[in-house]
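Inspection log for the structure reproduced underneath, given as structure tokens.
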Amino acid sequence: MKAEYNFSPDLFTVAAKEDRNKEKIHRPSIRYWPDVWRRLKMNHLAMTGLGLIILFSILAFVGTEINGFKYFEQNYELINVHPDSVHWFGTDELGRDLFTRVWYGTRYSLFIGVMAAFIDFAIGVLYGGIAGVTSRRIDSVMMRIAEVIYSIPYLLVVILISVVFSSAGQGSSLFVMIFAMTLTSWVPMAILVRGQVLQLKESEYALASESLGADKSWILRKHIIPNTLGPILVNVTLSIPRAIFAEATLSFLGLGIQAPRSSLGALANDGLAGLPVGNAYQILIPAIFISLTMFAFNVLGDGLRDALDPRLRK
Amino acid sequence: MTEPLISARNIKKYFDVSGGQLKAVDGISFDIYPKETFGLVGESGCGKSTAGRTIVRLYEPTDGELIFNGKNIYNLSRKEMQEVRRNFQIVFQDPYASLNPRMTVEDIVAEPLDIHGAYKTREERSDRVIELLRLVGLGEEHVLRFPHEFSGGQRQRIGIARALALNPKFIVCDEPISALDVSIQAQVVNLLKDLQEKLGLTYMFIAHDLSMVRYISDRVGVMYLGHMMELAKSEELYANPIHPYTKALLSAIPIPDPEVQRSRKRIMLEGDVPSPINPKPGCRFVDRCSCATEICRKETPEFLEKSPNHFVACHNV
Amino acid sequence: MENVLEVRDLKISFQTFFGEVEAVRGISFNVGKKETVAIVGESGCGKSVTASGIMQLLPMPPAFFKGGEIIFNGENLLKKSEKEMQGIRGNKISMVFQDPMTSLNPTMKIGKQIVEGLVKHHKMSRDQAENKAIEMLKLVAVPQPEKRINQYPHEFSGGMRQRVMIALAMACNPQLLIADEPTTALDVTVQAQILELMKKLQDQLEMSIILITHDLGIVADMSDRVVVMYAGQIVETGLTDEIFANPKHPYTRKLLASVPRLDMSKDEPLYSIDGTPPDLYIPPKGCSFYDRCTEAMKVCKEHLPELDEHSATHLSRCWLNHPMANKANSMGGGEK
Numbered sequence: 001m002k003a004e005y006n007f008s009p010d011l012f013t014v015a016a017k018e019d020r021n022k023e024k025i026h027r028p029s030i031r032y033w034p035d036v037w038r039r040l041k042m043n044h045l046a047m048t049g050l051g052l053i054i055l056f057s058i059l060a061f062v063g064t065e066i067n068g069f070k071y072f073e074q075n076y077e078l079i080n081v082h083p084d085s086v087h088w089f090g091t092d093e094l095g096r097d098l099f100t101r102v103w104y105g106t107r108y109s110l111f112i113g114v115m116a117a118f119i120d121f122a123i124g125v126l127y128g129g130i131a132g133v134t135s136r137r138i139d140s141v142m143m144r145i146a147e148v149i150y151s152i153p154y155l156l157v158v159i160l161i162s163v164v165f166s167s168a169g170q171g172s173s174l175f176v177m178i179f180a181m182t183l184t185s186w187v188p189m190a191i192l193v194r195g196q197v198l199q200l201k202e203s204e205y206a207l208a209s210e211s212l213g214a215d216k217s218w219i220l221r222k223h224i225i226p227n228t229l230g231p232i233l234v235n236v237t238l239s240i241p242r243a244i245f246a247e248a249t250l251s252f253l254g255l256g257i258q259a260p261r262s263s264l265g266a267l268a269n270d271g272l273a274g275l276p277v278g279n280a281y282q283i284l285i286p287a288i289f290i291s292l293t294m295f296a297f298n299v300l301g302d303g304l305r306d307a308l309d310p311r312l313r314k
Numbered sequence: 001m002t003e004p005l006i007s008a009r010n011i012k013k014y015f016d017v018s019g020g021q022l023k024a025v026d027g028i029s030f031d032i033y034p035k036e037t038f039g040l041v042g043e044s045g046c047g048k049s050t051a052g053r054t055i056v057r058l059y060e061p062t063d064g065e066l067i068f069n070g071k072n073i074y075n076l077s078r079k080e081m082q083e084v085r086r087n088f089q090i091v092f093q094d095p096y097a098s099l100n101p102r103m104t105v106e107d108i109v110a111e112p113l114d115i116h117g118a119y120k121t122r123e124e125r126s127d128r129v130i131e132l133l134r135l136v137g138l139g140e141e142h143v144l145r146f147p148h149e150f151s152g153g154q155r156q157r158i159g160i161a162r163a164l165a166l167n168p169k170f171i172v173c174d175e176p177i178s179a180l181d182v183s184i185q186a187q188v189v190n191l192l193k194d195l196q197e198k199l200g201l202t203y204m205f206i207a208h209d210l211s212m213v214r215y216i217s218d219r220v221g222v223m224y225l226g227h228m229m230e231l232a233k234s235e236e237l238y239a240n241p242i243h244p245y246t247k248a249l250l251s252a253i254p255i256p257d258p259e260v261q262r263s264r265k266r267i268m269l270e271g272d273v274p275s276p277i278n279p280k281p282g283c284r285f286v287d288r289c290s291c292a293t294e295i296c297r298k299e300t301p302e303f304l305e306k307s308p309n310h311f312v313a314c315h316n317v
Numbered sequence: 001m002e003n004v005l006e007v008r009d010l011k012i013s014f015q016t017f018f019g020e021v022e023a024v025r026g027i028s029f030n031v032g033k034k035e036t037v038a039i040v041g042e043s044g045c046g047k048s049v050t051a052s053g054i055m056q057l058l059p060m061p062p063a064f065f066k067g068g069e070i071i072f073n074g075e076n077l078l079k080k081s082e083k084e085m086q087g088i089r090g091n092k093i094s095m096v097f098q099d100p101m102t103s104l105n106p107t108m109k110i111g112k113q114i115v116e117g118l119v120k121h122h123k124m125s126r127d128q129a130e131n132k133a134i135e136m137l138k139l140v141a142v143p144q145p146e147k148r149i150n151q152y153p154h155e156f157s158g159g160m161r162q163r164v165m166i167a168l169a170m171a172c173n174p175q176l177l178i179a180d181e182p183t184t185a186l187d188v189t190v191q192a193q194i195l196e197l198m199k200k201l202q203d204q205l206e207m208s209i210i211l212i213t214h215d216l217g218i219v220a221d222m223s224d225r226v227v228v229m230y231a232g233q234i235v236e237t238g239l240t241d242e243i244f245a246n247p248k249h250p251y252t253r254k255l256l257a258s259v260p261r262l263d264m265s266k267d268e269p270l271y272s273i274d275g276t277p278p279d280l281y282i283p284p285k286g287c288s289f290y291d292r293c294t295e296a297m298k299v300c301k302e303h304l305p306e307l308d309e310h311s312a313t314h315l316s317r318c319w320l321n322h323p324m325a326n327k328a329n330s331m332g333g334g335e336k
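Residue numbers (the working numbering), protein chains in the order written: chain U, 1 to 314; chain B, 1 to 317; chain W, 1 to 336.
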């Protein structure tokens, strides 16, 4: 069945060569990270988490100025006031405004969480990267050392360090605490990085690079690390809530932040006394904020993991 | 008689694996002359890829020598080897895996230049990259794109551009077309041929597609389980194969012509290609050979010249 | 000859983030009884999607049938429920895939995998099914079948695994076997064995075969008829002898010219097709081969070519066969 076409003979002349684009790439260039961001945006839970993190971060700085009370301002007339229109989160046993103190505490919780995660990242990447590229023997030794370090009970380490430093007159300063926390927590990151490096070391583009004359450090820098950033980022995002919780636990036990500074965990500790006397809000409110912060980072980290997974590409 | 560009002498590469020792390459020797294409064929497990990689010292050899410019490259220090590497390049099989997915085409092609510090200004670098891309039929518009945006054939061409960056003399093409579509294979092979003419390159072309190897190679070596079974000029090999394995291999290849195919008599080999782990002594082909005799099981046949420039390793010829 | 399978104007697309990808854009072909039809084309042409589509093994979403019919034994498969299809798969229509390692269950013994299908489709007892399984393994020349039915896939070599796949596919005596690149992953000498095996089985079991491949040598060796696909469409179809002797479509011609032959002279140049196939997010309006065709005319860009019948069996779609084309280019326009 031939349709009736009204063709002009001109149509049957040879098409110009330039008109035929042989090597055309039709689709727009999708770069890696923008694509990850696009996929992350589609995950509403992760976006909520991100939003909360941004909100809390902002409030950590400006929240203390919002309602006019200072975090250290004590007011004996107004102790243990339940949340009302003046003191939105109530006051503690010294009459300090809890709303302001929560944001003051968040400042330190976030700082410690992010710092600890960053240190884990730095040590972990360095250690894991080296272990991955060296000879099997050195790698074995490095891994055994890491395992031993990791198997030391974490709380024991912290208490030990605190005691050592306080006997030296330092007290539990911020950095001592972070030091104590990160002494053993970098190991999972190192193991992750090492695993990635071992795998990527065998990739053909790493081999190609070697054939071009690259040495191990070049291959590590240019080829391996950039391709591991995805899983590393996920791990970092997920280790922040772990660090926050760790600090909260320590402060709750009285081993962490000392007055005059405070963190959410320390606030919870302060609020513990209020529980049996009907002032549950004093511990509940800091606890809720610890939970929300952790939740936010966790869902963001999960969302990132999904967004980076090539198999889940939509 | 010209001097060979490289001489391989008794190259061996063994791997330690859980079952024992994998003798991937078990003593092969050959010369490659300047501006020629030396084809290396064989089925899976024959060691041809390992041979290619060992020759450019991507793998450290278990034994043997590779003479280039009068020196055995296996004895060179790391620094001296760097210089040699400028002359020895590899194009890999898998165009999807041999390019770093996070790097732009420009960075990929410029990597050898970066490693060896072969330029002074950024402009020099990008000019050279564009020049190389043009050589392989791509262009300036591709420079900032990423590997996943290209087809297999295009990626392979990017790999070739990268291999050419330092003006090498010798390129090992390790199954460069196996992962490509049929019509693209011809594209890449024609490109390689053009470049050889233009730039005076010498190739070692490793593949399992015998028809393609015949087309592009001047001389062809047939490997089986780590040993070289036959070596001859490509026309001679295909017209007068001597080794029983070569004969079976050639007869197994279907010819794209139904009439011819119908009238062919096929030599059927029994069984599968055996494992190169802990091989038994004697000729490696003995289990599948239709004319195997007692001596084939006991002694490994020597690689001898049976007719001018035609080498075979077989007791029964 | 009666047709076992009739595909009519089949259209399959995929819904993706960027939009719709038209993988199969209206193809029609038939498979007769005891016939081997080869579908040739390069990656992305739609041949594997067609094969999986016939068996309805495509993930739906994102794939969906946009139109057309698949008539098997007089019934339209697209109208069948999943349950009905399960009764057909492995039973009346079987499929053999390229990579036997991923298509065989690595945690299940070989024998069990064959027996399952027999018990389900043919309602055999375990014992009967086991005997049949041994028989099938004998048929495909797996040595010591009684011992090997209790082994796992990883204990077999590549060629053996493919034989097992074939045994599995043949066990229920299907009318149609769809083989999707069955020998691509195998060595040449093993490939020859497998192809001989398939020919023998086809004869014995009176089966039709759809052979999907990109290897023109295999096509010449195995098939009775050829369907050439490009960018989701059929550009040419005909008897194998017709296609090889007298290809009518520039793509077919170029394809044949780009494959080196053992029996051709070394000095004959190898033609290659420049460029790459079109992206099917934006399917071309006219002939999909336009961008890469050295004989392209202006009309080719605008309009999809009509179907030309060169013989009862030989069809192609190309404007070069239009009477007006011959006039305009009688001076020998276009490159060869």
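Ideal Cβ positions, reconstructed from N, Cα and C, are used throughout, including at glycine.
Inset, instruction - Determine the chain B residues that contact residue 261/W at a beta-carbon separation under 8 Å, and present them in chain order. - result: Against chain B, a Cβ distance below 8 Å from residue 261/W picks out 211, 255, 256, 257.
Inset, instruction - For residue 228/B, I'd like the list of residues in its chain whose CB is within less than 8 Å of its CB, leaving aside the five on either flank, ordered along the chain. - result: 28, 29, 30, 221, 222, 303, 311, 313
Inset, instruction - Report yes or no: is there a C-beta of chain B within less than 8 Å of the C-beta of residue 214/U? - result: yes
Inset, instruction - Using a Cβ-Cβ cut-off of less than 7 Å, list which residues of the segment 140-157 of chain B approach chain W; keep chain order. - result: 151, 153, 154
Legend entry - DSSP three-state assignment for residue 300/W, whether helix, strand or coil: helix
Legend entry - Where residue 86/W sits in the DSSP three-state scheme: helix
Inset, instruction - Starting from residue 157/W, find everything on chain B with Cβ-Cβ shorter than 7 Å and list it in chain order. - result: 272
Legend entry - Three-state secondary structure (DSSP) of residue 37/B: strand
Inset, instruction - Return the bridge partner residues of residue 310/B from the DSSP annotation. - result: Answer is 307/B.
Legend entry - residue 276/W at chain B interface by Cβ criterion, 8 Å: yes
Legend entry - is_contact[residue 48/W, chain B] using C-beta, thresh 8 Å: Taking CB atoms only, residue 48/W has no neighbour in chain B less than 8 Å away.
Legend entry - residue 90/B beta carbon less than 8 Å from that of residue 174/B: yes
Inset, instruction - In the DSSP assignment, find the unbroken alpha helix (DSSP H) run with residue 307/W in it and report its ends. - result: It is not in any alpha helix (DSSP H) - residue 307/W instead sits in the beta strand (DSSP E) that spans 307-309.
Inset, instruction - Note the first and the last residue of the continuous alpha helix (DSSP H) segment covering residue 42/U. - result: Where residue 42/U is concerned, there is no enclosing alpha helix (DSSP H), given that its DSSP letter is neither H nor E.
Legend entry - For residue 210/W, three-class secondary structure by DSSP: Residue 210/W falls in the strand class under three-state DSSP.
Inset, instruction - Using a cut-off of 7 Å between C-beta atoms, extract the partners of residue 193/W located in chain B. - result: 268
Legend entry - Beta carbon proximity, residue 237/W to chain B, threshold 8 Å: no
Inset, instruction - Within 10 angstroms of the Cβ of residue 59/W, are there 16 or more other Cβ atoms? Answer buried if so, exposed if not. - result: exposed
Legend entry - Under 7 Å by beta carbon: chain U residues contacting residue 97/B: 203, 204, 205
Inset, instruction - Tell me whether the beta-carbon of residue 289/B lies closer than 8 Å to the beta-carbon of residue 244/B. - result: yes
Legend entry - alpha helix (DSSP H) segments (min. 4 residues) lying fully within the segment 174-262 of chain W: Taking only runs of at least 4 residues, the alpha helix (DSSP H) segments lying wholly in the segment 174-262 of chain W are 188-205, 216-222, 240-245, 250-257.
Legend entry - Residues that residue 273/W contacts on chain B, provided the C-beta gap is smaller than 9 Å: 183, 184, 186, 187
Legend entry - Sequence-distant residues of its chain with Cβ nearer than 7 Å to residue 193/W (five each side left out): 159
Inset, instruction - Mind listing the chain B neighbours of residue 210/U? Cutoff is C-beta to C-beta under 7 Å, in chain order. - result: 58
Legend entry - Cβ-Cβ distance between residue 151/B and residue 276/W below 8 Å: yes
Legend entry - Under 7 Å (Cβ pairs) to chain B, residues found in the segment 219-230 of chain U: 223, 226, 227
Legend entry - Coarse secondary structure for residue 171/U, derived from DSSP in three states: Confidence at residue 171/U is low in this model, with a pLDDT of 49, below 50, so the placement of that residue is unreliable and no value is reported for it.
Legend entry - Reduced DSSP category for residue 305/U - H, G, I as helix; E, B as strand; rest coil: helix
Legend entry - Interface residues of the segment 214-239 of chain B facing chain W [CB-CB below 9 Å]: Taking 9 Å as the Cβ-Cβ cut-off against chain W, the residues of the segment 214-239 of chain B that qualify are 214, 215, 216, 234, 235, 238.
Legend entry - As assigned by DSSP and simplified to three states, the class of residue 253/U: coil
Legend entry - Contact with chain W by residue 93/B, beta-carbon distance below 8 Å: No, residue 93/B does not count as interfacial toward chain W.
Inset, instruction - Confirm, please, whether the CB-CB distance from residue 191/B to residue 157/B is below 8 Å. - result: yes
Inset, instruction - Please report the residue range of the beta strand (DSSP E) in which residue 11/W lies. - result: 3-16
Inset, instruction - Entirely within the segment 94-118 of chain B and at least 4 residues each: give me those alpha helix (DSSP H) ranges in chain order. - result: 105-116
Inset, instruction - Please decide whether residue 240/W counts as near chain B, where near means a Cβ-Cβ distance under 8 Å. - result: yes
Inset, instruction - Starting from residue 32/U, find everything on chain B with Cβ-Cβ shorter than 8 Å and list it in chain order. - result: 101, 102, 146
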